[in-house]
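Asks:
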Amino acid sequence: MRPPSPSIPEKEFVVTALAQNLRVDGRALLEMRRTSLEFGAELGTVECALGKTRVLANVEAKMVRPPPERRYEGIITIHSEISPMASSMYEPGRSSEEEVALSRMLDKVLRRSDTIDKESLCIQAGQRVWHLRLTINILSDSGNMQDCACLAGMAALKHFRRPEIEVVGDEIIIHEPTSRAPVPLAMHHTPLCLTFVFFPPAPSQPPPTTDSADSKQHDASLSPHPTMLLDPSPLEATLASSTLSLALNPQRELCVVHKAGGMPLAPDDVLRAVDVAVKKVREVVPWIEGQVSGDWDRRGVEVR
Amino acid sequence: MPGKTAAKRSDGRIHDEMRALYVIYEGLDRVDGSARFGFGDTKAIASLSGPIEVRLAAEQPSKATFEVNIRPLSNVPGTESKSLSASLRSLFAPSLILSRNPRTLIQLVIQSLTPSPAPRFQYSLIAAFINASTLAILNAGSVPMSGVICAVAIGRLPLPENSATSERALFLDPTDKELLSADGGGCFAFMFASDFGDTGGLVPVCKMVWTNWTATAGVFDEDELLRAKELAKRGAEQVWTKIKASVEYMDRSRPVPLHALAPSQSQEQDVPMAVEEAEDDDAKMEI
Amino acid sequence: MFLVLPGEHVPAKHVNLKLGPGLQQESTPEGDNVVVSTRAGTLQHSANNAKWWVESNARRYVPAPQEFVVGMVTGRMGEGWRVDIGAAHHASLDALAFEATIDSALSDPLNVIKVGSVIYARVSLAHKDMEPELECFDAQTRKAEGFGELKGGFLVRCSLRMSRSLLDPHYFLLPFLGSRFPLDAAVGMNGRVWKPPTQTAGS
Numbered sequence: 001m002r003p004p005s006p007s008i009p010e011k012e013f014v015v016t017a018l019a020q021n022l023r024v025d026g027r028a029l030l031e032m033r034r035t036s037l038e039f040g041a042e043l044g045t046v047e048c049a050l051g052k053t054r055v056l057a058n059v060e061a062k063m064v065r066p067p068p069e070r071r072y073e074g075i076i077t078i079h080s081e082i083s084p085m086a087s088s089m090y091e092p093g094r095s096s097e098e099e100v101a102l103s104r105m106l107d108k109v110l111r112r113s114d115t116i117d118k119e120s121l122c123i124q125a126g127q128r129v130w131h132l133r134l135t136i137n138i139l140s141d142s143g144n145m146q147d148c149a150c151l152a153g154m155a156a157l158k159h160f161r162r163p164e165i166e167v168v169g170d171e172i173i174i175h176e177p178t179s180r181a182p183v184p185l186a187m188h189h190t191p192l193c194l195t196f197v198f199f200p201p202a203p204s205q206p207p208p209t210t211d212s213a214d215s216k217q218h219d220a221s222l223s224p225h226p227t228m229l230l231d232p233s234p235l236e237a238t239l240a241s242s243t244l245s246l247a248l249n250p251q252r253e254l255c256v257v258h259k260a261g262g263m264p265l266a267p268d269d270v271l272r273a274v275d276v277a278v279k280k281v282r283e284v285v286p287w288i289e290g291q292v293s294g295d296w297d298r299r300g301v302e303v304r
Numbered sequence: 001m002p003g004k005t006a007a008k009r010s011d012g013r014i015h016d017e018m019r020a021l022y023v024i025y026e027g028l029d030r031v032d033g034s035a036r037f038g039f040g041d042t043k044a045i046a047s048l049s050g051p052i053e054v055r056l057a058a059e060q061p062s063k064a065t066f067e068v069n070i071r072p073l074s075n076v077p078g079t080e081s082k083s084l085s086a087s088l089r090s091l092f093a094p095s096l097i098l099s100r101n102p103r104t105l106i107q108l109v110i111q112s113l114t115p116s117p118a119p120r121f122q123y124s125l126i127a128a129f130i131n132a133s134t135l136a137i138l139n140a141g142s143v144p145m146s147g148v149i150c151a152v153a154i155g156r157l158p159l160p161e162n163s164a165t166s167e168r169a170l171f172l173d174p175t176d177k178e179l180l181s182a183d184g185g186g187c188f189a190f191m192f193a194s195d196f197g198d199t200g201g202l203v204p205v206c207k208m209v210w211t212n213w214t215a216t217a218g219v220f221d222e223d224e225l226l227r228a229k230e231l232a233k234r235g236a237e238q239v240w241t242k243i244k245a246s247v248e249y250m251d252r253s254r255p256v257p258l259h260a261l262a263p264s265q266s267q268e269q270d271v272p273m274a275v276e277e278a279e280d281d282d283a284k285m286e287i
Numbered sequence: 001m002f003l004v005l006p007g008e009h010v011p012a013k014h015v016n017l018k019l020g021p022g023l024q025q026e027s028t029p030e031g032d033n034v035v036v037s038t039r040a041g042t043l044q045h046s047a048n049n050a051k052w053w054v055e056s057n058a059r060r061y062v063p064a065p066q067e068f069v070v071g072m073v074t075g076r077m078g079e080g081w082r083v084d085i086g087a088a089h090h091a092s093l094d095a096l097a098f099e100a101t102i103d104s105a106l107s108d109p110l111n112v113i114k115v116g117s118v119i120y121a122r123v124s125l126a127h128k129d130m131e132p133e134l135e136c137f138d139a140q141t142r143k144a145e146g147f148g149e150l151k152g153g154f155l156v157r158c159s160l161r162m163s164r165s166l167l168d169p170h171y172f173l174l175p176f177l178g179s180r181f182p183l184d185a186a187v188g189m190n191g192r193v194w195k196p197p198t199q200t201a202g203s
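Protein chains in written order, with the UniProt record's numbering: chain V, 1 to 304; chain A, 1 to 287; chain Z, 1 to 203.
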């Protein structure tokens, strides 16, 4: 059951509020909702929340024989089915538009951006490689699940550790986590996805209403640019004229640029979004890394 | 067998002791009810939506359509998930008064939070699925029920060599590790309702409604099944008591997780009006 | 506070017994009548023990007659509309279910209400086997009395208990907010609250 499109008063309210640089949930225009991570009982199980959107990510590794054309590389598979737990608008066993968009984005951000060093997953060339399976389960879809899923997936990959192995001749010895510390995955970089939505600039700007409004808001309202919002709520996402998803790493390298929706954007607007995104990623990535290593310390994964 | 039952298990529990029970009402945003249940680290989360609009093909003129979906932690749901979904559907359907909301859909989704190493779901995990589902239905409050279903798992140890008796030791709430050395076990589900009679106690009478008791060694032993059922019943009563106590805090939202990203410093200062908005929202979330 | 789970017997006895939500009467094989709860919550009764019900929270609305709801028009259907009220089925609202006026076409609901409009209405028919029906006039006076289209403003969704609390004149929130800024609201029993247009920042 698809929810009906927003009512006329809701539409008008969002647009008039945005003309005054206000968002319905009280956030600043470029503010993300509260982000949090929780780690499961096993290494590689992470629950991530972005506001009320919640995603569960799990990584598991198995040894398999590699395909003959890629003898030296491990395999990565990503599953991202959306169940009715996320919202009753998703039907079980039928892939929705959102599910296709989500799995394509996850594939680009986490697999094809060469995040994981696939060659380090090789155990014995042509004989044995690690097969990583990342499963993304959406627990609650309250807007922008794409960003939340990428964050959860990335955190799970960072948190996961595979058992230490040793190859002696043709034999493979798998060390129990109690005898030798399991090893984290070798990763090249940490891209994250950030989604912006754009509303057309209001035709005539109303004069600043409250004298307490600070100068920053005032500047933004004078510019002819479309209004740009980070981390849209479901209501904002359905009403927006244009969506821009960026996946990039703290080194300011873009992995994915995905622009959807009818309203054209000036290159300046895209660059402005990139600047905001870089700042955000530089804030979030060290935070994820801190959380992961903090959790490792609590568990005592290193063998003392 | 007093000698055997007194023996401590690998995690220090005695034979009829469960791991810590764990109940959290999740408050997932886009469903009508949700909860998490765990026996120690064996956890599951369930959500319920309904009564909602049903697809025309699944509409039933005299009762609600009831759907169950089980999702493993890793990979997409396979045959095993589908077969267990069908079992749980027939297990829960009699406890729901489906005739109250005809031509609607009641949708239960169960998400495992524990990896299942074997191709089959572990017995304790199935019990966690069932209890989480019960909690989700209670939390939704929009589907009338005629009783409450609680489940626990039982494991059976193989007969030691040169043992004097032929009675195998049974134990409550087996862990993954314990089941490796067990040669039988199963999950037992009970429905609790006062209609079954009066106990005079606080816990109503329960009846066993489902089990998947299996033994891989020896012949079928009816007495053993009865002993297992009695042991399971005692565990299920504890689960029922825990669930009942949780009704009191059902409405309270989930505690804020420990590891939250602090809001960035660059954030614009709130205008005074926005503060009031926040108070307003908080009140709504709690109630 | 007395907590109940579904399936538990409730000691409700009165010559003039009235059972509210969450309770149902059953007869035992011995021919006695017992009252059984069908949902989890706290058991409540009126001062004289005649009315009993189970107080609990829910998020999914199941329509009941004479309740006030805030709905959204999702489609036109002949001389009426289909209205989403958050329940399993859409409710129907007939073009004649408004206060009769002799005015011009300006106030004719057929010209005013569009798809996407928000309306405040009363459930006039609610039966499990039938589609719910709405009316936009008071049952006694047949006057509009505030029912009808809600123009502008904003919709807030909340739990059903919250909307019941908001309708309770003793509940703290609306007076509290009202003491800070002028406030007006249409509260639906279906967990939707509409606030009329004021200053954007204040609502």
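Glycine included, every Cβ here is placed at the ideal spot set by N, Cα and C.
Since the model is a prediction, treat every value here as computed from it, not as a measurement.
Could you tell me if Phe220 of chain A is buried or exposed, where buried requires 16 or more neighbouring beta carbons within 10 angstroms of its beta carbon?
Replies: exposed
Asks: So which of V:Pro250, V:Arg252, V:Thr227 and V:Gln251 has the shortest CA-CA distance to Leu244 of chain V?
Replies: V:Thr227
Asks: Taking 8 angstroms as the CB-CB cut-off, is Ala202 of chain V touching chain A?
Replies: no
Asks: Within 10 angstroms of the Cβ of His170 of chain Z, are there 16 or more other Cβ atoms? Answer buried if so, exposed if not.
Replies: Exposed, since its Cβ has fewer than 16 Cβ neighbours within 10 Å.
Asks: Rounded to a whole number of angstroms, what is the C-alpha to C-alpha distance between Ala185 of chain Z and Trp194 of chain Z?
Replies: 6 angstroms
Asks: Please report how far the alpha carbon of Thr42 of chain Z lies from the alpha carbon of Gly188 of chain Z, in whole angstroms.
Replies: 23 angstroms
Asks: Just how far apart, CA to CA, sit Gln60 of chain A and His127 of chain Z?
Replies: CA-to-CA, the gap between Gln60 of chain A and His127 of chain Z works out to about 16 angstroms.
Asks: Checking contacts by CB at 8 angstroms: is Pro84 of chain V closer than that to chain Z?
Replies: no
Asks: Please tell me whether Asp138 of chain Z has its Cβ less than 8 angstroms away from any Cβ of chain A.
Replies: no
Asks: Out of V:Pro163, V:Met187, V:His258 and V:Leu185, which has the shortest C-alpha to C-alpha gap to Glu176 of chain V?
Replies: Closest in alpha carbon position to Glu176 of chain V, among V:Pro163, V:Met187, V:His258 and V:Leu185, is V:Pro163.
Asks: Straight-line CA distance for Met154 of chain V to Val68 of chain A?
Replies: 30 angstroms
Asks: Compile a chain-ordered list of the residues in the region 79–90 of chain Z whose CB is closer than 9 angstroms to at least one CB of chain A.
Replies: Ala87, Ala88, His89 and His90
Asks: Taking only three categories from DSSP, how would you classify Val15 of chain V?
Replies: In the structure shown, Val15 of chain V sits in a helix (DSSP, three-state: H, G or I).
Asks: How would you label Asp32 of chain Z, buried or exposed, when you count the other beta carbons within 10 angstroms and need 16 or more for buried?
Replies: exposed
Asks: So is Ala6 of chain Z buried or exposed if we call it buried at 16+ other beta carbons inside 10 Å?
Replies: It is Pro, not Ala, that sits at residue 6 of chain Z in the sequence shown. Buried: at least 16 other Cβ atoms inside 10 Å.
Asks: Taking DSSP's pairing of strands, which residues face Ala273 of chain V in a bridge?
Replies: Its beta-bridge partners do not exist; DSSP assigns none.
Asks: Using a Cβ-Cβ cut-off of 7 angstroms (strictly less than) and excluding sequence neighbours within five positions of Asn49 of chain Z, which residues of its own chain qualify?
Replies: His14
Asks: Which parts of the region 109–186 of chain V are runs of the beta strand (DSSP E), unbroken and 3 residues or longer, counting only runs that do not cross its ends?
Replies: 122–124, 128–140, 165–168 and 171–174
Asks: Just confirm the distance between the C-beta atoms of Asn139 of chain A and Ala35 of chain A, as a whole number of angstroms; I'd bet it's less than 8 angstroms.
Replies: 5 angstroms
Asks: Ignore the nearest five residues each way along the sequence and tell me which others in residue 323 of chain A's own chain have a CB closer than 7 angstroms to its CB.
Replies: What the structure shows of chain A is the stretch from 1 to 287, and residue 323 of chain A is not part of that stretch, so it cannot be assessed.
Asks: State the beta-bridge partners of Trp210 of chain A as determined by DSSP.
Replies: A:Ala189
Asks: Got a sec: which bits of the region 59–77 of chain Z sit with their beta carbon under 7 angstroms from any beta carbon on chain A, in order along the chain?
Replies: Arg59, Arg60 and Val62
Asks: Counting only runs that start and end within the UniProt domain "K Homology" (153–194) of chain Z, where is the alpha helix (DSSP H) found for 4 or more residues in a row?
Replies: 160–167 and 173–180
Asks: Helix or strand or just coil, what does DSSP make of Ser81 of chain A?
Replies: Helix, per DSSP.
Asks: If you follow the beta strand (DSSP E) that Asn111 of chain Z is part of, which residue opens it and which one closes it?
Replies: It is not in any beta strand (DSSP E) - Asn111 of chain Z instead sits in the alpha helix (DSSP H) that spans Pro109 to Val112.
Asks: Take the Cβ of Ser266 of chain A as the centre, count every other Cβ of all protein chains shown within 10 Å, and call the residue buried at 16 or more, exposed below.
Replies: Only weak support exists for where Ser266 of chain A lies, its pLDDT of 38 falling under 50; the value from the coordinates is given anyway. Looking at its Cβ environment, which holds fewer than 16 other Cβ atoms inside 10 Å, Ser266 of chain A is exposed.
Asks: Would you mind telling me which residues of chain A sit closer than 7 angstroms to Pro92 of chain V, beta carbon to beta carbon, in chain order?
Replies: Asn69
Asks: Nearest CA to the CA of Leu84 of chain A: which residue from A:Ile45, A:Ile70, A:Pro102 and A:Ile97?
Replies: A:Ile70
Asks: Under a Cβ-count criterion, where at least 16 other Cβ atoms within 10 Å of its own Cβ denotes burial, should Lys158 of chain V be classed as buried or exposed?
Replies: Per the 10 Å Cβ criterion, buried.
Asks: For the candidate residues A:Glu248, A:Leu179 and A:Asn212, whose alpha-carbon lies nearest to that of Ser10 of chain A?
Replies: A:Leu179
Asks: Report yes if the C-beta distance between Asp268 of chain V and Thr195 of chain V is below 8 angstroms; otherwise report no.
Replies: no
Asks: Within 10 angstroms of the Cβ of Ile14 of chain A, are there 16 or more other Cβ atoms? Answer buried if so, exposed if not.
Replies: exposed
Asks: Which residues of chain V have a Cβ atom closer than 9 angstroms to the Cβ of Ile45 of chain A, listed in chain order?
Replies: Contact of Ile45 of chain A with chain V by beta-carbon distance below 9 angstroms involves Leu56, Met85 and Leu139.
Asks: Residues in the region 150–167 of chain Z with C-beta within 8 angstroms of chain V's C-beta atoms, listed in sequence order?
Replies: The region 150–167 of chain Z vs chain V, Cβ under 8 angstroms: Leu150, Lys151, Gly152, Gly153, Phe154 and Leu155.
Asks: Can you pull the chain Z neighbours of Glu10 of chain V, defined as C-beta to C-beta under 7 angstroms?
Replies: Phe154 and Leu155
Asks: Would you grab the beta carbon distance between Ala152 of chain V and Ala57 of chain V for me? Rounded to a whole angstrom, and I think it's under 8 angstroms.
Replies: 4 angstroms
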